[in-house]
Amino acid sequence: MEKPKDRIEQARRRLLKAAGLGSLGALLPALGCGGGSQGDDGVSVAQGRSSSNATALPSTGISGRVLVVGGGMSGAAVAKYLRLWGGSGVSVTLVERSASYTSNIMSNMVLTGQRSIGSLQYKYDNLVSRYGVKRVQGEVTGIDPVNKAVRLASGSTIAYDRLVLAPGVVFTYEPGLGGIPGLETAAAQARVLHAWQAGTQTTALRNQITAMPGGGVFVLTIPAKPYRCPPGPYERACLVADWLKKNRPGSKVIVLDANPGITAEVHSFTDAFMSVHAGVIDYQPNVTIHNIDASTLTLDTSIGSIKANVINAIPPHRAGKVVTDAGLADQGGRWASVNQLSYESKVAAGIHVIGDSAGTAQPKAGHIGNQLGKVCADAILRAFAGLSPDPAPVTNSACYSPITMDSASWLTAVFAYDPATLSMAAVPDSFREAASRSGDNFSKMNKWFSALMTETFS
Ligand SMILES: Cc1cc2nc3c(=O)[nH]c(=O)nc-3n(C[C@H](O)[C@H](O)[C@H](O)COP(=O)(O)OP(=O)(O)OC[C@H]3O[C@@H](n4cnc5c(N)ncnc54)[C@H](O)[C@@H]3O)c2cc1C
């Protein structure tokens, strides 16, 4: 008798054939869809390069209704792969508040004027036209797990069989919850920006930087980990320093890190701070910010008082509001514990949490978000077919970090499920970083970014 597992594999093969993809062996992940195979641009290619027509998606015999909240790196990926692998019987609705997605990845280059925010925006048209994802623009305001439905700000409700929450993060400003004192008001937050969610804050921070005088001081504060994109703040310090060197000579970048040391790409950023940007970047680990006075742009810190021209304070963050409101952020009210084979919440059955909101040892990164979307899609399809999740998922992350406006380093890591701890753990020796920064890495970075975004949104 044909097993449901065989039906899934056969369906995937039919879908790939329909999409004109030849070498199944190279493209199909060995177990499930978690990691996929690695392209020469560092992105797991899996089945994602296909551009099948939604109307041509065959039935796999699997059926169910999935509602995805949040159309970012992980939400777009899970929506796409649920349809691509699940076929026409799997109904996927994607609710995203914005008309298009603005990528955080590469957004530090908006600060140097090398990219515009518009160049980082991705629409949902391909998910709709190629894969038949139903797109709803709206804000999810509540979940009714008993009746399996979500409420939207518009007042409407949408029913689901499985719910996937992929809302990214929100920033913590309440001092009682670990926020930086002094930034509680909207006025303070409008002056002291985070620009850690790409969009209007990113262009506003760019404007603050270009308004700096020569010999000015830019202060960047980094929260204790875990935070979104471990190398991101150090990359930002490097890019801003390089731009200031060229355009506002004599300026300084002071990095106040709550962590005991650089949290990612230690070799590359130590070289950057001590050598490439020596005399411009002043890196200070283990710093506590007691208060920021947004009106005078003065920081009261454990290493003394600092007066700045621009303060870029990245507050601590936590899971998206829809996750915390639903009581799923069981890790100190910040992150959601999940079964790391399926990303199903440990608090609420039938609700999956992926991307930055999920509390795992994997970094909060867009590349990982894409991977979690695939693992989750595979697990949901297996559940619809009455199967257990893939018992051995593997994920990987690649990240390029500009060190100057025309050179970059890189970092890669692989994670595998550890049955002893029931969690995803770093594969020993899989953390690799570039031996040195280079212009070649910089151009590969653009290729990697383009491949990742195509893989997720097209
Ligand atoms: C400056 C910077 C640089 C970065 N560089 C890299 C990099 O080089 N490589 C890398 O891998 N990662 C990088 N990252 C990290 C990466 O951007 C995030 O880890 C990734 O975007 C997380 O994906 P996500 O799906 O969890 O959340 P997001 O991508 O933030 O998507 C969440 C989506 O959910 C929507 N949403 C939230 N709540 C609701 C709701 N209630 N109703 C409807 N919609 C909702 C939001 O509008 C948003 O579109 C960087 C981040 C920053 C800030």
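Taken in order, the sequence shown gives residues 1349 to 1806; the numbers are from this note's numbering. Here a beta-carbon is modelled for each residue, glycine too, at the ideal position from N, C-alpha and C. Model, not experiment: these values are computed from the prediction.
- DSSP places S1422 in the helix class (H, G or I) of the three-state scheme.
- Taken in chain order, the whole alpha helix (DSSP H) runs of length 4 or more contained in the region 1607-1691 are 1614-1619, 1669-1673.
- Between the beta-carbon of N1718 and that of M1421 there is about 6 Å, and that keeps the pair under the 8 Å contact cut.
- Taking one beta carbon from each stretch, the region 1615-1635 and the region 1516-1523 have fewer than 3 pairs nearer than 8 Å; the two do not touch.
- Contact between A1620 and L1759 fails: their C-beta atoms lie close to 13 Å from each other, not under 8 Å.
- The Cβ atoms of Q1710 and M1801 lie no closer than 8 Å to each other.
- Two segments are said to touch when three or more pairs of C-beta atoms, one from each, lie closer than 8 Å; by this definition the region 1725-1743 touches the region 1684-1702.
- Between L1442 and L1468 the beta-carbon gap is near 19 Å, outside 8 Å, which marks them as no contact.
- Rounded to whole angstroms, the gap between the alpha carbons of N1595 and V1628 is 13 Å.
- Shown here, A1543 sits in coil according to DSSP, grouped into three states, outside any helix or strand.
- T1505 sits in a strand when the DSSP states are folded into three classes.
- In the same chain as L1592, and ignoring 5 residues on each side of it, the C-beta atoms closer than 6 Å to its own belong to S1599, in chain order.
- At a Cβ-Cβ threshold of 8 Å, I1557 and V1671 do not count as neighbours.
- Counting along the chain, no alpha helix (DSSP H) covers I1702, and no H or E run does either.
- C1747 is not a Cβ neighbour of P1571, given a cutoff of 8 Å.
- Leaving aside the five residues that flank Y1429 on each side, the residues in its chain whose CB is nearer than 7 Å to its CB run, in chain order, C1381, G1721, K1722, A1725.
- Of all C-beta pairs linking the region 1640-1660 to the region 1678-1686, fewer than three are shorter than 8 Å, placing the two stretches out of contact.
- Around D1590, the same chain offers T1752, M1753 as residues with beta carbons nearer than 6 Å, after the five sequence neighbours per side are excluded.
- At least one heavy atom of ligand 1 lies closer than 7 Å to the C-beta of R1445.
- Within the chosen limit of 7 Å, ligand 1 does not reach the beta carbon of S1616 with any heavy atom.
- With a threshold of 16 other beta carbon atoms within 10 Å, N1495 falls short and is exposed.
- Rounded to the nearest angstrom, the gap between the Cα atoms of S1439 and H1665 is 32 Å.
- Within the same chain, and ignoring the five residues on either side of F1797 in sequence, the residues whose Cβ sits closer than 7 Å to its Cβ are I1453, M1454.
- If you draw a 10 Å sphere on the C-beta of P1581, you find 16 or more other C-beta atoms in it, and that means buried.
- Closest option to H1700, judged by alpha-carbon separation, among G1437, V1742, W1433, V1414: V1414.
- Secondary structure of P1711 (DSSP, three-state): coil.
- At a Cβ-Cβ threshold of 8 Å, V1614 and V1601 do not count as neighbours.
- Taking all protein chains in view, the Cβ of M1622 is surrounded by fewer than 16 other Cβ atoms within 10 Å, so the residue is classified as exposed.
- Looking at the DSSP output, P1750 shares a beta bridge with A1756.
- Within 7 Å of the C-beta of V1417 there is at least one heavy atom belonging to ligand 1.
- In this structure, the alpha-carbon of T1460 lies about 10 Å from that of L1553.
- Bridge partners of R1510 according to DSSP: V1414.
- Inter-residue distance for M1560 and D1509 is about 53 Å (C-alpha atoms, whole angstroms).
- At least one heavy atom of ligand 1 falls within 7 Å of the beta-carbon of R1584.
- Between S1685 and G1703, the C-beta spacing is not below 8 Å.
- A direct Cα-to-Cα measurement between V1567 and R1785 gives close to 24 Å.
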